[in-house]
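2 protein chains.
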Amino acid sequence: MRPTMKDVASAAGVALKTVSRVVNDEPGVHPTTAERVREAIERLGYSRNESARMLRRGRTATIGLVIEDVADPFYAGLSRAVEGVVIEHGCLLLSGSSGEEPGRERELVETFCARRVDGLIVVPAGDDHTYLRSELEAGTPVVFADRPPGAGLDVDTVLADNVGGARQAVRHLMVHGHRRIAFLGDDPAIFTAAQRLRGYREELGGLFDARLVSMRPPSSGVIGDDLARMFALDDPPTALFTGNGRYTVTTLRALGGRRVALVGFDDFELADLLDPGVSVVAQDPSWMGRVAAEVLFRRLRGDVGPSEHLELPVRLVTRGSGELSPDQAGARG
Amino acid sequence: MRPTMKDVASAAGVALKTVSRVVNDEPGVHPTTAERVREAIERLGYSRNESARMLRRGRTATIGLVIEDVADPFYAGLSRAVEGVVIEHGCLLLSGSSGEEPGRERELVETFCARRVDGLIVVPAGDDHTYLRSELEAGTPVVFADRPPGAGLDVDTVLADNVGGARQAVRHLMVHGHRRIAFLGDDPAIFTAAQRLRGYREELGGLFDARLVSMRPPSSGVIGDDLARMFALDDPPTALFTGNGRYTVTTLRALGGRRVALVGFDDFELADLLDPGVSVVAQDPSWMGRVAAEVLFRRLRGDVGPSEHLELPVRLVTRGSGELSPDQAGARG
DNA sequence: CTGAAAGCGCTAACAC
DNA sequence: GTGTTAGCGCTTTCAG
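Those sequence lines, one after another, are chains A and B. Just so we're aligned, residue 1 is where the first sequence starts under our numbering, counting upward by one. Just so we're aligned, residue 1001 is where the second sequence starts under our numbering, counting upward by one.
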């Protein structure tokens, strides 16, 4: 069906190996012979079968990326950055979304491994990664991004400063006079959510009040109810800290124009165009992706040093919503 | 290094083929034997080498997806939908972003083809796809999404109703009393931009005024200048039609709170939370992705009917900005 | 500079 | 039920 090297070889009247040399730009082929081979390649429309090459060489020039959901802007940005580095290194990217399901994460990782990806970048959904043990022993480098692996796995990790970022957000609100600061975030089973809760709690100290904390899976759709419950308290919150981009948006929608001080974790498009502009603790998903990919390729180049645990700083961006004072709260904007 | 079927076979005291049978759930293996093989697989930590399998079977169970940029919400949504269908069919997705560069699009497509992807979904950046000819002849199905292929290529295509959507947007603004409607969009070399300009022009008829059209590459950063120029006219626009999500956002930012009627092509997160809410002609990127993937798998299943050319309807979503009357324009919001 | 032979790990086709 | 053989298309090794 498709022409193979053998076909090209007989078309050009040379041996298989000579074609291989030409295709791979190996030295030691007479220019005239090379030209004849190239002409045959062109004429037959030959293109090297990478599957065969991979099998023989034992390298696939493929990196596997498991994220939570490409449609989420954070992971989309991360993916794009990973892709950039991967392409720069002459590799291709196999990617998949776990949808926050540990089973799917594992399935994806195992499928990628069966394809013998040269390396793996994983944003884990689960917290048991013992299934990766044999792959690591086989020498495949793995980098965890955004969230660390489950206990007992010593691999490179690139995280954001979740605790510090949360503390920064809460401190900012406190500086602006708030004492009743609510936290709305994801299920604490998720690492980043738990870390941000921790930072929130640490910074709040004695002001912490469990009634001002709502952590629900994003699908539950009850953030509005939780908010209503909090606002009905004798001492309602005057400020909100939302645990990630999705919650910030959901919360803004649930507020329906009600003016409350708010700082969100994660930056998002149009945060500056809302009224007031939404103050956020911004992560840089591209940076995280790039760093994770670079660590991976360093390993691929043979770096066998101890595992790296990077924590990327985050940045408070003030746009108005986080600078409202407690007495400005409550009014309908 | 890694255990192979041969290793498993000798560990279990059976022949290679028996291991293959067990691994592939082929019938005709005695339960006891199968159990022994499974035990050996478990003990050695064996996992089938898919590269070898691909080479032998001639199918890679891989689909290639070329888009413009994963970090763009439209393409992120499309990717996610494609991924869903691909996984459902037991395949994996190789994806890459062309960054709107025809050269990169071609490179990606050719690399994917060298890996012998079973099928290809392409959002083209260029308009010459003759390089795909040989691949199509080799039997690889290709589906174009969002934009059609260059001349002379008869393949399945899934597009949105760009002309109709643009007409709908302009008509809506006209119904609300506007006669001076500007169009801000992408370089007309891009299919969707050209189609939307066409719809805009058709619907506007005699009211068309070239001075109210600005089509620039998104990188140029001069949308604000163009807008200023238009507003400085004797008969400035009272309404804007923006050609895609990115332009809508850039335009809103450039307007800096100035109240002008506006309808944008493409829906976007938070469009409802801005003041006024942004009216849009909404496409459904997930739908487009799903449909494209389904058409592809139908081909893969052997459908050899004439090429399909699907046009997905779009939907006008009114949120306020598109319902402002001409005399409400000009004020600072 | 060029070529022949072996074999990567698997599956297909056919024995037994 | 099970095993043997050939070979997918390429790279590696070694021989000329």
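By construction, the Cβ of each residue, glycine as well, lies at the ideal position given by its N, Cα and C atoms.
- For Asp-1225 (chain B), the secondary structure class from DSSP, reduced to helix, strand or coil, is helix.
- At a cut-off of 8 Å between beta carbons, Gly-1096 (chain B) contacts chain A.
- Around the beta carbon of Ser-220 (chain A), fewer than 16 other beta carbons lie within 10 angstroms, which makes this residue exposed.
- Between Met-1215 (chain B) and Asp-1187 (chain B), the gap from beta carbon to beta carbon is short of 8 Å.
- In summary, Thr-1130 (chain B) is exposed, with fewer than 16 beta-carbon neighbours lying within 10 Å of its beta-carbon over all protein chains present.
- Under the Cβ criterion of 8 Å, Asn-49 (chain A) is counted among the residues facing chain B.
- Under DSSP, Met-215 (chain A) shares a beta bridge with A:Gly-185.
- For Leu-1274 (chain B), a Cβ of chain A is located within less than 8 Å of the residue's own Cβ.
- The Cβ-Cβ distance between Leu-44 (chain A) and Asp-7 (chain A) falls below 8 Å.
- Residues of chain B with a Cβ closer than 7 Å to the Cβ of Ser-134 (chain A) are, in chain order, Gly-1045.
- Shown here, Asp-1069 (chain B) sits in coil according to DSSP, grouped into three states, outside any helix or strand.
- Between Ala-76 (chain A) and Ala-1076 (chain B), the gap from beta carbon to beta carbon is short of 8 Å.
- Proximity of Val-1066 (chain B) to chain A, defined by a Cβ-Cβ separation below 8 Å, is not satisfied.
- Under the DSSP assignment, Leu-310 (chain A) falls in the beta strand (DSSP E) whose first and last residues are 309-312.
- The continuous stretches of beta strand (DSSP E) do not include Ser-98 (chain A), and DSSP gives it neither H nor E.
- Going by C-alpha positions, Glu-101 (chain A) is about 14 Å away from Gly-1084 (chain B).
- The Cβ-Cβ distance between Gly-150 (chain A) and Phe-112 (chain A) does not fall below 8 Å.
- In this structure, DSSP gives Gly-1320 (chain B) an extended state, which the three-state scheme calls strand.
- Beta-bridge analysis with DSSP links Gly-1264 (chain B) to B:Thr-1242, B:Val-1280.
- Residue pairing of Asp-156 (chain A) in beta bridges, as defined by DSSP: A:Val-143.
- Note: Leu-1092 (chain B) is bridge-paired with B:Thr-1062 in the DSSP secondary-structure output.
- In the DSSP secondary-structure assignment, Val-122 (chain A) is bridged to A:Val-66, A:Phe-144.
- Sequence-distant Cβ neighbours of Leu-1312 (chain B) in its own chain, meaning closer than 8 Å and more than five residues away, are Val-1158, Leu-1159, Ala-1160, Asp-1161, Gln-1283, Asp-1284, Trp-1287, Met-1288, Val-1291.
- DSSP places Arg-1201 (chain B) in the helix class (H, G or I) of the three-state scheme.
- Rounded to the nearest whole angstrom, the CA to CA distance from Gly-185 (chain A) to Arg-259 (chain A) is 19 Å.
- For Ser-307 (chain A), the closest Cβ of chain B is not nearer than 8 Å.
- Sequence-distant partners of Arg-80 (chain A) (beyond 5 residues in either direction) whose C-beta falls short of 8 Å from its own C-beta, in its chain, are Ser-286, Gly-289.
- A direct Cα-to-Cα measurement between Ala-194 (chain A) and Arg-1116 (chain B) gives close to 43 Å.
- Within the segment 1006-1049 of chain B, the complete alpha helix (DSSP H) segments at least 4 residues long are 1016-1023, 1031-1044, listed from N- to C-terminus.
- Among the CB atoms of chain B, one or more fall inside 8 Å of the CB of Pro-73 (chain A).
- Under the 10 Å beta carbon count, Leu-1233 (chain B) is surrounded by fewer than 16 other beta carbons and is classified as exposed.
- Under the Cβ distance rule, Ala-52 (chain A) counts among the residues neighbouring chain B, one pair being separated by less than 8 Å.
- Cβ contact annotation for Ala-71 (chain A) (same chain, cutoff 7 Å, sequence separation greater than five): none.
- Non-local C-beta neighbours of Leu-1016 (chain B) in its own chain, meaning closer than 7 Å and more than five positions away in sequence, comprise Met-1005, Lys-1006, Ala-1009, ordered along the chain.
- Counting C-beta atoms within 10 angstroms of its own C-beta, Glu-1105 (chain B) has 16 or more neighbours from the protein chains shown and is therefore classed as buried.
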